[in-house]
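I have placed the structure first, in the form of structure tokens, so that the comments after it can refer back to it.
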Amino acid sequence: MIKIYHNTRCKKSREGLQVLEESGKDFEVREYLKDTLSEKEIADLLKKLNMAPIELVRTEEKIWKENYRDRDLSDDELVRVMAENPKLIQRPIVETEHHAVVGRPVSNIEEIIK
Numbered sequence: 077m078i079k080i081y082h083n084t085r086c087k088k089s090r091e092g093l094q095v096l097e098e099s100g101k102d103f104e105v106r107e108y109l110k111d112t113l114s115e116k117e118i119a120d121l122l123k124k125l126n127m128a129p130i131e132l133v134r135t136e137e138k139i140w141k142e143n144y145r146d147r148d149l150s151d152d153e154l155v156r157v158m159a160e161n162p163k164l165i166q167r168p169i170v171e172t173e174h175h176a177v178v179g180r181p182v183s184n185i186e187e188i189i190k
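For the sequence shown, my numbering begins at 77 and goes up steadily by one.
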């Protein structure tokens, strides 16, 4: 099953959702700001994304700049920070059984759902 971690207020996330809708494939939407991810779920996603935690952080967000930018955080601490502040997670993320991509650009989504 394909899953999109979606933020309804984000233009790129809405574009990613549209790609999935137009694909004709079955998928599930998880609005991760309402249904937040656990630390384990974020860690599992990072493995599928093949990314370091800092690569998944939206470092231009006010929360990051005011509270975390100048701190030397371990990977585990970064995962905890994202779990506590889901707005800091890059979006959209599209996940399949074995892989995941950040949908920026949306062509990443097209590649994973082929």
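Ideal placement from N, C-alpha and C gives every residue a C-beta, glycine not left out. Owing to the predicted nature of the structure, the values given are computational and were not obtained by experimental measurement.
The beta carbons of Ile-189 and Ser-99 sit closer together than 8 Å. Beta-bridge pairing by DSSP links His-82 to Glu-107. For Val-170, the uninterrupted beta strand (DSSP E) run begins and ends at 169-171, by DSSP. Assigned with DSSP and collapsed to three states, Ala-119 falls in helix. Residues of the same chain with a CB within less than 7 Å of the CB of His-175, apart from the 5 flanking positions on each side, are Lys-124, Ile-188 in chain order. Leu-109 is not a Cβ neighbour of Ala-159, given a cutoff of 8 Å.
Rounded to whole angstroms, the gap between the alpha carbons of Arg-134 and Trp-140 is 8 Å. A straight-line Cα-Cα distance of about 14 Å links Ala-128 and Asp-148. CA-to-CA, the gap between Lys-88 and Val-182 works out to about 8 Å.
The Cβ-Cβ distance between Val-177 and Ile-118 does not fall below 8 Å. Cβ-Cβ separation between Ile-80 and Asp-102: approximately 12 Å, too far for a contact (criterion under 8 Å).
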